[in-house]
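> Protein chains in written order, with numbering that gives the first Met the number 0: chain A, 0 to 333; chain B, 0 to 333. Built from N, CA and C at the ideal position, the CB exists for glycine as well. As the structure is a computational prediction, the values presented were derived from the model and not from experiment.
2 protein chains.
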Amino acid sequence: MAKTVRFHSFGGPEVLLLEDLDIAEPAAGEVRLAVKAIGLNRVEAMFRSGHFISPAFPSRIGYEAAGVVEAVGPGVSSFAPGDRAAALFGLSMERYGTYGEQILYPADRLVRIPETLSFVDAAASWMQYGTAFALVEVANVRAGDFLVVTAASSSVGIAAMQIANAEGAIAIAVTRSRSKAPALRSSGAAHVICSAEQNVPDAIRDITGGHGAIMVFDAVAGAGMAGLVAAVAPAGIIIAYGMLAGATAEVLLPALMQNNLTLRGFAANIFVERADVRARMVDYINRKLSSGALRPIVDRTFELSRIAEAHRYLESNAQVGKIVVTTTAGQLPP
Amino acid sequence: MAKTVRFHSFGGPEVLLLEDLDIAEPAAGEVRLAVKAIGLNRVEAMFRSGHFISPAFPSRIGYEAAGVVEAVGPGVSSFAPGDRAAALFGLSMERYGTYGEQILYPADRLVRIPETLSFVDAAASWMQYGTAFALVEVANVRAGDFLVVTAASSSVGIAAMQIANAEGAIAIAVTRSRSKAPALRSSGAAHVICSAEQNVPDAIRDITGGHGAIMVFDAVAGAGMAGLVAAVAPAGIIIAYGMLAGATAEVLLPALMQNNLTLRGFAANIFVERADVRARMVDYINRKLSSGALRPIVDRTFELSRIAEAHRYLESNAQVGKIVVTTTAGQLPP
Numbered sequence: 000m001a002k003t004v005r006f007h008s009f010g011g012p013e014v015l016l017l018e019d020l021d022i023a024e025p026a027a028g029e030v031r032l033a034v035k036a037i038g039l040n041r042v043e044a045m046f047r048s049g050h051f052i053s054p055a056f057p058s059r060i061g062y063e064a065a066g067v068v069e070a071v072g073p074g075v076s077s078f079a080p081g082d083r084a085a086a087l088f089g090l091s092m093e094r095y096g097t098y099g100e101q102i103l104y105p106a107d108r109l110v111r112i113p114e115t116l117s118f119v120d121a122a123a124s125w126m127q128y129g130t131a132f133a134l135v136e137v138a139n140v141r142a143g144d145f146l147v148v149t150a151a152s153s154s155v156g157i158a159a160m161q162i163a164n165a166e167g168a169i170a171i172a173v174t175r176s177r178s179k180a181p182a183l184r185s186s187g188a189a190h191v192i193c194s195a196e197q198n199v200p201d202a203i204r205d206i207t208g209g210h211g212a213i214m215v216f217d218a219v220a221g222a223g224m225a226g227l228v229a230a231v232a233p234a235g236i237i238i239a240y241g242m243l244a245g246a247t248a249e250v251l252l253p254a255l256m257q258n259n260l261t262l263r264g265f266a267a268n269i270f271v272e273r274a275d276v277r278a279r280m281v282d283y284i285n286r287k288l289s290s291g292a293l294r295p296i297v298d299r300t301f302e303l304s305r306i307a308e309a310h311r312y313l314e315s316n317a318q319v320g321k322i323v324v325t326t327t328a329g330q331l332p333p
Numbered sequence: 000m001a002k003t004v005r006f007h008s009f010g011g012p013e014v015l016l017l018e019d020l021d022i023a024e025p026a027a028g029e030v031r032l033a034v035k036a037i038g039l040n041r042v043e044a045m046f047r048s049g050h051f052i053s054p055a056f057p058s059r060i061g062y063e064a065a066g067v068v069e070a071v072g073p074g075v076s077s078f079a080p081g082d083r084a085a086a087l088f089g090l091s092m093e094r095y096g097t098y099g100e101q102i103l104y105p106a107d108r109l110v111r112i113p114e115t116l117s118f119v120d121a122a123a124s125w126m127q128y129g130t131a132f133a134l135v136e137v138a139n140v141r142a143g144d145f146l147v148v149t150a151a152s153s154s155v156g157i158a159a160m161q162i163a164n165a166e167g168a169i170a171i172a173v174t175r176s177r178s179k180a181p182a183l184r185s186s187g188a189a190h191v192i193c194s195a196e197q198n199v200p201d202a203i204r205d206i207t208g209g210h211g212a213i214m215v216f217d218a219v220a221g222a223g224m225a226g227l228v229a230a231v232a233p234a235g236i237i238i239a240y241g242m243l244a245g246a247t248a249e250v251l252l253p254a255l256m257q258n259n260l261t262l263r264g265f266a267a268n269i270f271v272e273r274a275d276v277r278a279r280m281v282d283y284i285n286r287k288l289s290s291g292a293l294r295p296i297v298d299r300t301f302e303l304s305r306i307a308e309a310h311r312y313l314e315s316n317a318q319v320g321k322i323v324v325t326t327t328a329g330q331l332p333p
């Protein structure tokens, strides 16, 4: 029996129930993981509250986990019991949700955890760096590029700034209030713009000497998109990966056309669904994690039994970086 | 003295005046061309009527011309008197407008005319194929791709369908009324959707077996953009190069994000401003013109003295393909 988080209806954090379930032996191609740590993501709160995908109830939940391989199913040669492994994101949460002491997961969506990385850091890595890997794979970020990151204190925002720094680019963080500015500076922001106090497009133009930023990594969309478009340099790109301010973006075409700008809608699933891209992503991120160029910023950890409280905190927007849930289950690595 | 079209204020076709001007000797890097044919473009009607860029008056006008080199300025070795040459687009019309019997033009923005091509066809080629070259350079069109072309009976629309066919792609033409369907089919459309009678996104899904089109070449924008986005296949691209239905596009981000779609604003100037891209474009188009894979569709020609009438026809939307103005000036090629 393993403690497993499920929910039986949409609702607030209180719908997340800790249930004792028997976890089956892994099927062909699957691995059973003793979970040590679980990374939380905003999309999971949206899933829980009915603003993402509708599952059949009761449903599991969760995209990220790190732990120790307990058993492998038929045909699995890439992992053996005792291996430290982390789950990539992007599978059906209903079927492969990661909030639990034991989970089944397809072997080809697990990655080996570098020796220097803790379970907590491994559980905090894949969704954020996998999403921010768009800067490399989609936008081809280069040294000297100005990159604007909105919702900069989110885990993905910080991951984007770290990848920017790893590539020699210059990160401009956009955040609501000045209170998070020091934490953002120490997380990799070369400049911080406070949207509550400053005109964001004007501030971007000031920082970039009037040229505009060559790329924007945007989680916000909504009405602010028009201003962002006006602050992008010719041939620049806006990667839209979230819509905290609403699902509709008004795009002014003259600016988009005259400056040959790209607005790219982005969901990181595309990086795990194709084996070649997945291999590039895993190689890049594991190399940078091992070298220390990427270092997950963990805001706070919770015990699995306090999952509802963890979700409440996730939705408070008080955090800078990642929220991780830990378990006491599973054998220790050999 | 050379007949030259200028306008002294914004207005209807009647503001285009035929004036006798002395054309100077070419300056360093310039060529003087005896113009034989001039291609007309919709943007020139917008320029004339004050909906594009504001020039100092009186202003020249025109982006395209083909003719014979009369004289070359200091430092020009790429052309000699007697050479057949065509003007690329993208320079200031105020300074380098092409409507006239003689024009000065920078040598590096002139291209040699393939032997098999008439002056009329050469004057009808560069703006339309240069714009549609975005399918190759930006969207990487491939055999079997479904390409949706809006405003399909425009010269650029037809050019896009020809390039699609040259690459083995399948062109889906969107046009307002059924009356132009036969002409579009003979110009390269594999399918024709009549927007006055059909739901365009539904028709695109039908034609593509439910998958959607991998690329859209759109001159319309406005409210129809939302429907187009919903009819694009995963990882597809919409190239927005015109805004006949308005400057604001409403973009629904869930479709854009979940399907990893790209909305690319596009102005063809980017292809002539960079020497490396310009060379690729000129090479591609001249090769395809020489082989006959690209063949300009000329709807009608007018004498230069009837330039106002030609502009009136340009704005009538009755044409399928290019309107070309001819002159009787200039020496014949040797």
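DSSP on B:Ser77, reduced to helix/strand/coil?
Along the second sequence, one-based indexing puts residue 77 of chain B at 78. Coil, per DSSP.
> Any C-beta of chain B sitting closer than 8 Å to the C-beta of A:Tyr240?
Reading the first sequence from its first residue, position 241 is the one you call residue 240 of chain A. Yes - at least one Cβ of chain B is within 8 Å of the one on A:Tyr240.
> Please confirm whether B:Arg277 has its beta-carbon closer than 8 Å to some beta-carbon of chain A.
Walking along the second sequence from the start, residue 277 of chain B turns up at place 278. No, no contact with chain A.
> How would you label B:Arg31, buried or exposed, when you count the other beta carbons within 10 angstroms and need 16 or more for buried?
Counted from its first residue, the second sequence places residue 31 of chain B at position 32. Flag for B:Arg31 reads buried.
> Quick one: which chain A residues come within Cβ less than 7 Å of B:Arg263?
For the purposes of this step, residue 263 of chain B is taken as residue 264 along the second sequence, with counting starting at 1. Per Cβ cutoff of 7 Å: Thr261.
> Compare the C-beta of A:Thr326 with all C-beta atoms of chain B and state if any pair is closer than 8 Å.
Within the first sequence, numbered from 1, the residue matching residue 326 of chain A stands at position 327. Not one chain B Cβ lies under 8 Å of A:Thr326.
> Give a yes or no on whether the minimum CB-CB distance between A:His127 and chain B is below 8 Å.
Residue mapping note: residue 127 of chain A aligns to position 128 of the first sequence, counting from 1. Residue 127 of chain A is actually Gln in this sequence, not His. No, its Cβ sits nowhere closer than 8 Å to a Cβ of chain B.
> Cβ closer than 7 Å: which chain B residues qualify as neighbours of A:Met256?
Taking the first sequence and counting its residues from 1, the one referred to as residue 256 of chain A is at position 257. Neighbours of A:Met256 on chain B, chain order: Ala239, Tyr240, Gly264, Phe265, Ala266.
> List, in order along the chain, the chain B residues whose C-beta lies closer than 8 Å to that of A:Val250?
By one-based count along the first sequence, residue 250 of chain A stands at place 251. The answer, in chain order, is Thr247, Ala248, Glu249, Val250, Leu262.
> Can you check whether the CB of A:Arg184 is closer than 8 Å to the CB of A:Val191?
To locate residue 191 of chain A, count along the first sequence from 1; it is residue 192. To locate residue 184 of chain A, count along the first sequence from 1; it is residue 185. Yes, the pair counts as a contact, with Cβ atoms nearer than the cut-off.
> Of all the alpha helix (DSSP H) runs that stay within the bounds of the region 131–201 of chain B, which reach a length of 4 or more residues?
Counting whole runs of 4 or more residues, the region 131–201 of chain B contains the alpha helix (DSSP H) stretches 133–136, 154–165, 180–185.
> Exposed or buried, A:Pro333, counting other C-beta atoms within 10 Å across all chains shown (16 or more means buried)?
As a first step, residue 333 of chain A must be located in the first sequence, where it is residue number 334. For A:Pro333, the pLDDT reaches just 36, beneath the cut-off of 50, and the residue's location in the model is therefore unreliable, although a value from the coordinates is still provided. Exposed, by the Cβ-count rule.
> Where in the region 217–292 of chain B do unbroken runs of the alpha helix (DSSP H), each at least 4 residues long, occur, reported from the N-terminal end onward?
Those alpha helix (DSSP H) runs which fall completely within the region 217–292 of chain B and span 4+ residues are 223–229, 252–257, 268–272, 274–290.
> Roughly how many whole angstroms lie between the Cα atoms of B:Gln330 and B:Ser117?
The residue labelled residue 330 of chain B in the question sits at position 331 within the second sequence. The residue labelled residue 117 of chain B in the question sits at position 118 within the second sequence. Unreliable positioning characterises B:Gln330 in this predicted model, as indicated by a pLDDT of 45, which lies under 50. The coordinate reading is nonetheless provided below. Cα-Cα distance, rounded: 15 Å.
> Please classify B:His310 as buried or exposed, where buried requires at least 16 other C-beta atoms within 10 Å of its C-beta.
Along the second sequence, read from residue 1 onward, the residue named residue 310 of chain B stands at position 311. B:His310 is buried by the Cβ-count criterion.
> Quick check: what's the CA-CA separation for A:Val323 versus A:Ala292?
By 1-based counting over the first sequence, the position of residue 323 of chain A is 324. By 1-based counting over the first sequence, the position of residue 292 of chain A is 293. Cα to Cα, A:Val323 sits roughly 21 Å from A:Ala292.
> Kindly indicate which residue of A:Arg59, A:Pro80, A:Ala55, A:Ser58 has the alpha-carbon position closest to the one of A:Gly66.
By 1-based counting over the first sequence, the position of residue 66 of chain A is 67. For the residues A:Arg59, A:Pro80, A:Ala55, A:Ser58, the minimum Cα distance to A:Gly66 belongs to A:Pro80.
> Kindly give me the distance between the Cβ atoms of B:Ala150 and B:Ala131, rounded to whole angstroms, as I take these residues to be in contact under 8 Å.
Here residue 150 of chain B corresponds to residue number 151 of the second sequence, with the count starting at 1. Here residue 131 of chain B corresponds to residue number 132 of the second sequence, with the count starting at 1. Actually they do not touch by this definition, with Cβ atoms about 12 Å apart.
> Give the DSSP bridge partners of A:Asp19, in chain order.
In the first sequence, the residue the question calls residue 19 of chain A occupies position 20. In DSSP, A:Asp19 forms a bridge with A:Lys2.
> Could you tell me whether any Cβ in chain A is nearer than 8 Å to the Cβ of B:Ala220?
The sequence position of residue 220 of chain B within the second sequence is 221, counting from 1. Yes, B:Ala220 counts as interfacial toward chain A.
> Alpha carbon to alpha carbon, how far is B:Val276 from B:Met126? Give it in angstroms, no decimals.
In the second sequence, residue 126 of chain B corresponds to position 127, counting from 1. In the second sequence, residue 276 of chain B corresponds to position 277, counting from 1. Spanning the two alpha carbons is a distance of roughly 15 Å.
> On the three-pair Cβ rule with 8 Å, is the region 107–123 of chain A touching the region 8–15 of chain A?
Taking 8 Å as the limit for Cβ pairs, the verdict is that the region 8–15 of chain A does not touch the region 107–123 of chain A.
> In the DSSP output, which residue or residues are listed as bridge partners for B:Met214?
For the purposes of this step, residue 214 of chain B is taken as the residue at position 215 of the second sequence. Partner(s): B:Leu146, B:Ile236.
> Secondary structure at A:Leu109, three-state DSSP: helix, strand or coil?
By one-based count along the first sequence, residue 109 of chain A stands at place 110. The answer is strand: DSSP assigns A:Leu109 an E or B state.
> Beta-carbon of B:Pro253 versus every beta-carbon of chain A: anything under 8 Å?
Position 254 of the second sequence, counting from 1, holds the residue named residue 253 of chain B. Yes, contact with chain A.
> Counting contacts by CB-CB distance shorter than 8 Å, is B:Ile52 in contact with chain A?
For the purposes of this step, residue 52 of chain B is identified with residue 53 of the second sequence, where counting begins at 1. Chain A contact via Cβ: absent.
> DSSP three-state call for A:Leu32: helix, strand or coil?
The count along the first sequence starts at 1 and reaches residue 32 of chain A at position 33. DSSP places A:Leu32 in strand when its eight states are reduced to three.
> Going by beta carbon distance, what residues of the same chain come within less than 6 Å of B:Ala278, once the five residues before and after it are set aside?
On the second sequence, position 279 is the one that residue 278 of chain B refers to. The answer is none, since no qualifying residue turns up.
> Mind checking which residues open and close the beta strand (DSSP E) that includes A:Arg94?
As a first step, residue 94 of chain A must be located in the first sequence, where it is residue number 95. No beta strand (DSSP E) contains A:Arg94, which is instead part of the alpha helix (DSSP H) from 92–95.
> What residues of chain B sit near A:Ala345, judged by a beta carbon separation below 9 Å?
As displayed, chain A neither begins before 0 nor continues past 333, which places residue 345 of chain A out of reach and without an answer.
> Whole angstroms is fine: what's the gap from B:Ile335's alpha carbon to B:Met224's?
Any answer about residue 335 of chain B is impossible in this case: the structure gives chain B only from 0 up to 333.
> Would you kindly check if the distance between the Cβ of A:Leu252 and the Cβ of B:Ala244 is under 8 Å?
Reading the second sequence from its first residue, position 245 is the one you call residue 244 of chain B. Reading the first sequence from its first residue, position 253 is the one you call residue 252 of chain A. In this structure, A:Leu252 does not lie closer than 8 Å to B:Ala244 by Cβ.
> Looking at B:Ala44 and B:Glu302, is the spacing between their C-beta atoms short of 8 Å?
Start at 1 with the first residue of the second sequence, and residue 302 of chain B comes out as number 303. Start at 1 with the first residue of the second sequence, and residue 44 of chain B comes out as number 45. Going by C-beta atoms, B:Glu302 is not nearer than 8 Å to B:Ala44.
> Quick check on the burial criterion: 16 or more other C-beta atoms within 10 angstroms. Buried or exposed for A:Ser8?
Position 9 of the first sequence, counted from the first residue, corresponds to residue 8 of chain A. Per the 10 Å Cβ criterion, exposed.
> Can you list the residues of chain B that A:Ala234 reaches, using a CB-CB cut of under 9 Å?
Reading the first sequence from its first residue, position 235 is the one you call residue 234 of chain A. Near A:Ala234 (Cβ distances below 9 Å), the residues of chain B are Ile269.
> Got a sec, what are the start and stop residues for the alpha helix (DSSP H) B:Ala85 sits in?
Locating residue 85 of chain B in the second sequence gives position 86, where the first residue counts as 1. Not the alpha helix (DSSP H): B:Ala85 falls in the beta strand (DSSP E), residues 83–86.
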